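Sequential numbering of the sequence shown, starting at 3, is according to this note's numbering.
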Amino acid sequence: MLTGLAVTGCSRTVIVEPAKDAANPKCADIMLTLPDEISGEKARTTSSQGTKAWGDPNVAVLRCGVTPPGPTTDQCVSVSGVDWISKPAEDDESTWKFTSYGRTPAVEVLVNRKAESGNDVLAAISPTLSKVPAENECVGAEDIAG
3 MLTGLAVTGC SRTVIVEPAK DAANPKCADI MLTLPDEISG EKARTTSSQG
53 TKAWGDPNVA VLRCGVTPPG PTTDQCVSVS GVDWISKPAE DDESTWKFTS
103 YGRTPAVEVL VNRKAESGND VLAAISPTLS KVPAENECVG AEDIAG
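Structure (structure tokens):
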């Protein structure tokens with residue numbers, strides 16, 4: 003799993019492994035404009051560049067600079083004009099993983115399904131990502147059928 007906790011004084015820092023391209027200058031722009039709160043859950047301090055977490059316990063953890071996903075048959079959802087690949091996290095059935103599609107740098111958001119709706123989290127984050135120009139968009143079978 004990508005997240006953990008470390009105790010530092012009186013505050014708890016969320017330990018998040020940075021993405022490969024976390025130092026991308028566009029990630030810095032994204033990080034500066036993300037919301038300070040999602041569904042009443044305040045942002046928390048994280049251990050790595052290009053990361054942000056909300057809630058205690060975490061309701062969502064974001065990493066900027068992940069490898070952009072290629073074509074996939076995984077479910078794609080569009081929220082506020084931003085496409086997201088949506089699937090369960092590989093190592094935790096209570097966590098859902100959303101990866102932005104068609105934008106560089108790509109952003110990954112892990113959402114605790116027991117604590118928060120993925121749609122609410124993406125609705126809060128997507129306006130920030132919509133400022134990054136889309137290079138591609140999700141297409142379904144109905145879009146490519148002749």
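For each residue, glycine too, the CB sits at the ideal point set by N, CA and C.
Owing to the predicted nature of the structure, the values given are computational and were not obtained by experimental measurement.
About 7 Å separates the CB atoms of Leu112 and Ala62; that is less than 8 Å, so the two are in contact. Looking at the DSSP output, Asn114 shares a beta bridge with Thr97.
The secondary-structure analysis by DSSP pairs Pro90 across a beta bridge with Trp98. In terms of Cα proximity to Ile40, the closest of Lys133, Lys89, Leu124 is Leu124. Cβ-Cβ distances below 8 Å link Glu118 to Ile40, Ser41, Glu43, Gly57, Val61, Ala62 in the same chain, with the five nearest sequence neighbours on each side left out; the list follows chain order. Straight-line spacing of the CA atoms in Ala24 and Val18 works out to 12 Å.
The Cβ atoms of Trp86 and Thr74 lie no closer than 9 Å to each other.
Around the beta-carbon of Val141, fewer than 16 other beta-carbon atoms lie within 10 Å, marking it exposed.
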